[in-house]
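Okay, structure first, notes after.
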Amino acid sequence: MAEKKDYKVVGTRPIRHDGVDKVTGRALYGADFQTVGLLHGKVLRSPHAHARIKSIDTSRAEAHPGVRAVVTAKDFPAVEDKIADLGEGAANVKDLQDNVLAGDKALYKGHQVAAVAAIDPHTAEEALELIDVEYEVLPPVIKVLDAMKEDAPLLHEDMHTDEMGEKSEKPSNIAAHFQHKQGDPEKGYAEADVVVEQEYTTETVHQGYIEPHNATALYNPDGQLTIWCSTQGAFAVRGQVSEILQIPVSKVKVVPMEIGGGFGGKINVYIKPIAAMLSMKTGKPVKVLMSRADVFEGTGPTPGSYVRVKMGATNDGRITAAEAYLAFEAGAYPGSPVGAAAFCVFSPYKVENGTVDGYDVVVNKPKTAAYRAPGATNAAFAAETVIDEICEKIGMDPLEFRILNSATEGDIRIDGPPAPRVGFIETVEAAKDHPHYSAPLEGENVGRGVASGYWPNFGMKSSVSINVTGDGTISLVEGSTDIGGTRASIAMQAAEVLGIPAESVTPTVADTDSVGYTDVTGGSRTAFATGYAAYEAAQDVKQQMIERAAKLWEVDPEEVQFADGVFSSVNGKEQEIDFKGLAERLDETGGPVVGRGTADPNQPGPSIGLHVVDVEVDPDTGKIDILRYTATQDAGKAVHPSYVEGQIQGGAVQGIGWALNEEYIYNEKGEMTNASFLDYRIPTCLDLPMIDAVIVEVPNPGHPFGVRGVGETPIIAPPAAIANAVYRATGVRLKELPMSPGRVLKAMGKI
Amino acid sequence: MSKEKEKDQTQGTSISRRSFLKGVGTGAVAASVAPSVLIDAETAAEAQMGEEITRAKIKLDINDKAYEVEVESRTTLLSVLRDGFDTSGNRVDLTGAKPICERGECGGCTVQVDGKAVYSCMTLALDAQGKQITTVEGLADGDQLHPVQEAFVQHDALMCGFCTPGFVVAAKSFLDQNPSPSHEEIKEGLAGNICRCGTYPFIFEAVKTASRKMGG
Ligand code: FES
Ligand code: FES
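Protein chains in written order, with numbering that gives the first Met the number 0: chain A, 0 to 750; chain B, 0 to 215.
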């Protein structure tokens, strides 16, 4: 459907619309929001990883001077045990409530237990110390394999495993088990010349968005609730708050402020309902801010996991069978991304005989949340290193192996559906042709590794409206929060249709009362689906403008043509007017022009990438240095190439952090011991080489300009690519993430 | 937990944090932002240990404007900028510096004090008296962006933009001290700031362009 190739705006690199606001400090983020009569909320968190809450006495806190309200789980309205589709996936509403304020049990250290609103933050903090909670401390279970044991302490005594639709008899920490199967794996292994099977573990890591969660809520006595906050989806916040507090969605307005990163972690609500409850009790606006430790200990990280992959191949490099066993930590409530992991684990390849088993397991850690291609990185770390081992055994170049086994459009996947078109071979070829891949690697303890990453991308719903302004510009109102430049990439798609420069578009991210329903900024969907809605809205404007030109010239609309930003009529005398000229004459031709576009596109088009990395391993300290990094990726059509490069580099940086340093470290009491940026080290500029981002464009047939989402894919390959490079450098395969110096030395047999 | 025990623990945390900050002195913090940060960090930790909370009216010179604000001994410069009121009840309202870790680990709250980049979350308001404080809001000259700001926009050296005010001030300070840095020097110079969106490559480009524009 991609309509033409010679775009005027799409594919260029205009200056972002919000750049000046952001470099001058003027851009307003959630914590910057101020209003009169503001109260400050603080949250009491469980000091225990697993404990029964026997009683909570708030009377001393309530009596403390300056305190205006205290809330606990008792203040929640009753809800049914029901599944609601919120944010990026379905969730049980009771679990949502319990996660916001613990009911009978605290299920992780940092679990929110009570909250206070007071005249200033210090007073609120003092009052927290006056809340008396009686806990019965229970043994915690932190690791997925421990939680799966028969005799493991149970988080939810009434939870039974959903075993492919059937409920298990005995209660268990395993919330669900599913299996995808195709062909006959045993037959496949029998045909194989080599079979490799390995086990892998990964630790919990955090999205690490640098803006802590924040929320200010105001409940008016007329029953209208307004929340100003940082979120990836204002409508998702509206939906969750409405369910948790049992208020109709029509009574909740969410105003998304600028957002300081999310990467999937700002979809679930934590303090937003609390700010709302405190405002309901006090009648005043209440602001609640998290500290960095709160963010680490109390908000969804991405899961630790145990993954086993087995793969067979022939000596001439054909995969004959593959199996994956994926056990993922969901955190305190069911809902890990194991489903996405199962989807992605073998996606780049044609696998005729295979099974994939997925386990969703609760542990005493914060409920996990999405993190950039959730689940896929854990899975690829295993599958992509097993492939590397196979290539080594059969003596085949790992890029050739990938080209040979690439799934092609229509191949049936292990989970059933046919594979869609994606430029896997093209990204592998791009890596092969890149000077990096053929550059000699000199010195000792150095090695080069490759790995690929696949992510299906999401479509989902978006709305955009466009107002034509008398000066020839347009204002574009969208519901997608701009987390990394989507104001510009969406504006560019409207500008392309209307033949105006990107600078002539004024994009605004609107609140939930001011724009049509729009799903979260997540799933790599925004430039694709909201861009699609912008395209539709611009088409609507174009059609109306054609009618205006027809009216002006007193001809039939069919006689008006529009090309390169100019309306023309060839009938009678030749007439021409550009978009700006016509916009100036709206008043003579019928008044305002407002265009509307909605989208719920069902062909998001997957994204895939191939990463090449050179490392040097210090044999004495076990430290891995990244020497050179190249990442290729299919972007379909890069709307704003700088942003696509930025996403590829940013994703790779996060993947490198995950590979080398990042992990939640727990003590035996189940307490996270490194909840700060000093001890949970995310990469700084000292840790990184230049990252060369190579954009490959295989247009997505499901989008008018061929766009594919790009944000998530680049995080997937780095851990596997680095592990493969470390093997070349040291002769040792690392099967645990992160590959911290200690683990490297251990694997090398040095400690 | 008994009151006594709680107090002990609080003190324990502060002391260890203080010694920790001393210990880490040659690493992340000192390598990049001005060494004065360390001294401020210590004082801040000490002040937080103290039992007595005293309030005082002080004068601060922020972006060439005089403010009279009431602060406690434990009040940080960051909290005055963001949440403080002057004595006539007007908000200071300079929210460009961001609270991200509030422990001197990320650089998101960087401002200039007497020409040096400091973490405002680790600087006591009391210690900023009589000094010239410049925040990200004070860098532009009216509508004319500072060359560093211009270069950040030009090179798209931001994604979510939350780390940007801190990086802009840190980069400006750095270029004031080292007008024509090498690539490696830029890396070292900005290592006290974190960008989770991973915009480092664009930030380096922006700093190089700014250096040229500033005649470095
Ligand atoms: S907020 Fe001050 S250094 Fe992080
Ligand atoms: S731009 Fe988002 S953290 Fe730097």
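We put the beta carbon where it would ideally sit given N, CA and C, even for glycine.
As the structure is a prediction and not an experimental result, all values here were calculated from the model.
For residue j and residue i, the rounded distance between their alpha carbons
i         : j         : result
A:Gly-357 : A:Ala-598 : 32 Å
A:Ser-462 : A:Glu-185 : 49 Å
B:Asp-126 : A:Asp-510 : 41 Å
B:Glu-50  : A:Phe-676 : Unreliable placement is indicated for B:Glu-50, whose pLDDT of 48 sits below 50; the coordinate value is still reported in the next sentence. Between B:Glu-50 and A:Phe-676, the C-alpha separation is close to 28 Å.
A:Lys-271 : A:Thr-376 : 30 Å
A:Asp-414 : B:Lys-186 : 46 Å
B:Ser-210 : B:Ser-172 : 11 Å
B:Phe-201 : B:Gln-153 : 10 Å
A:Pro-373 : A:Thr-520 : 14 Å
A:Ala-532 : A:Ala-369 : 24 Å
B:Glu-45  : B:Glu-71  : The pLDDT assigned to B:Glu-45 is 46, lower than 50, so where the model puts this residue is not dependable; a value taken from the coordinates is nonetheless given after this. One C-alpha to the other measures close to 14 Å.
B:Met-213 : A:Ala-501 : 29 Å
A:Pro-138 : B:Leu-189 : 44 Å
A:Pro-13  : B:Gly-165 : 24 Å
A:Ser-335 : A:Gly-590 : 52 Å
A:Ala-50  : A:Val-140 : 12 Å
A:Tyr-348 : A:Thr-319 : 11 Å
A:Gly-316 : A:Glu-661 : 35 Å
B:Ala-30  : B:Gly-191 : Here B:Ala-30 scores only 35 on pLDDT, less than 50, and its place in the model should not be relied on; the value that follows carries that caveat. One C-alpha to the other measures close to 7 Å.
A:His-16  : B:Gly-137 : 21 Å
B:Arg-81  : B:Asp-113 : 20 Å
A:Ile-750 : A:Ala-658 : 20 Å
A:Pro-605 : A:Gly-483 : 20 Å
Terminal residues of the beta strand (DSSP E) in which residue i lies
i         : result
A:Pro-184 : Careful: A:Pro-184 lies outside any beta strand (DSSP E), inside the alpha helix (DSSP H) at 184 to 190.
A:Arg-51  : 50 to 56
A:Leu-217 : 213 to 218
A:Ser-461 : 461 to 467
B:Tyr-66  : 64 to 71
A:Asp-161 : 159 to 162
A:Arg-307 : 304 to 312
A:Glu-477 : 473 to 477
A:Val-285 : 285 to 288
Alpha helix (DSSP H) segment containing residue i, residue limits
i         : result
A:Met-276 : 271 to 281
B:Phe-173 : 163 to 176
A:Ser-437 : 434 to 437
A:Pro-506 : No alpha helix (DSSP H) holds A:Pro-506; the beta strand (DSSP E) holding it covers 504 to 508.
B:Arg-54  : No alpha helix (DSSP H) holds B:Arg-54; the beta strand (DSSP E) holding it covers 54 to 61.
A:Gln-538 : 530 to 552
A:Arg-486 : 485 to 497
B:Ala-156 : Careful: B:Ala-156 lies outside any alpha helix (DSSP H) and carries neither H nor E.
B:Tyr-199 : 199 to 212
A:Phe-234 : 233 to 244
Given residue i as reference, the closest of the options once Cα atoms are compared
i         : options                                       : result
A:Ala-323 : A:Val-308, A:Gly-24, A:Leu-398 and A:Arg-317  : A:Val-308
A:Pro-506 : A:Arg-317, A:Glu-477, A:Asp-512 and A:Tyr-531 : A:Glu-477
A:Gly-394 : A:Thr-672, A:Val-193, A:Pro-455 and A:Arg-680 : A:Val-193
A:Pro-600 : A:Val-362, A:Thr-525 and A:Ile-647            : A:Thr-525
A:Pro-682 : A:Tyr-208, A:Ser-229 and A:Leu-43             : A:Tyr-208
A:Ala-493 : A:Leu-581, A:Val-638 and A:Gly-580            : A:Val-638
A:Ile-576 : A:Glu-546, A:Pro-603, A:Gln-197 and A:Val-743 : A:Glu-546
A:Val-445 : A:Val-697, A:Gly-730 and A:Leu-687            : A:Gly-730
A:Thr-480 : A:Pro-255, A:Asp-613 and A:Asn-466            : A:Pro-255
B:Glu-69  : B:Ser-78, B:Ile-61 and B:Arg-54               : B:Arg-54
B:Cys-120 : B:Asn-62, B:Thr-134 and B:Phe-203             : B:Thr-134
A:Thr-529 : A:Ser-513, A:Val-508 and A:Lys-541            : A:Val-508
A:Pro-211 : A:Ile-499, A:Ala-490, A:Ala-30 and A:Thr-472  : A:Ala-30
A:Val-132 : A:Ile-82, A:His-205 and A:Pro-46              : A:Pro-46
A:Ala-216 : A:Gln-111, A:Gln-538 and A:Gly-36             : A:Gly-36
Residues whose Cβ lies closer than 7 Å to any heavy atom of ligand 2, in chain order: Those residues that have a beta carbon less than 7 Å away from any non-hydrogen atom of ligand 2 are, in order along the chain, A:Ile-209, A:Gly-259, A:Gly-260, B:Leu-157, B:Met-158, B:Cys-159, B:Gly-160, B:Phe-161, B:Cys-162, B:Thr-163, B:Cys-194, B:Arg-195, B:Cys-196 and B:Thr-198.
Any residue with its Cβ nearer than 7 Å to a heavy atom of ligand 1 should be included. What is that list in chain order? Around ligand 1, the residues whose beta-carbon falls short of 7 Å from at least one of its heavy atoms are B:Leu-77, B:Lys-97, B:Pro-98, B:Ile-99, B:Cys-100, B:Glu-101, B:Arg-102, B:Gly-103, B:Glu-104, B:Cys-105, B:Gly-106, B:Gly-107, B:Cys-108, B:Tyr-118, B:Ser-119, B:Cys-120 and B:Met-121, given in chain order.
Minimum length 4: unbroken alpha helix (DSSP H) runs contained in the region 381 to 434 of chain A: Within the region 381 to 434 of chain A, the runs of alpha helix (DSSP H) that reach at least 4 residues and sit entirely inside it are, in chain order, 397 to 404 and 423 to 432.
Could you give the uninterrupted runs of the beta strand (DSSP E) lying entirely in the region 22 to 76 of chain A, keeping only those of 3 residues or more? If only complete runs of 3 or more residues are kept, the region 22 to 76 of chain A shows the beta strand (DSSP E) at 38 to 44, 50 to 56 and 66 to 71, in order along the chain.
What residue ranges within the region 552 to 636 of chain A form continuous beta strand (DSSP E) runs of no fewer than 3 residues, ordered along the chain? You should have 559 to 562, 565 to 568, 574 to 577, 593 to 598, 606 to 616 and 623 to 633.
Secondary structure, beta strand (DSSP E): runs of 3+ residues fully inside the region 93 to 131 of chain A: Runs found: 111 to 117.
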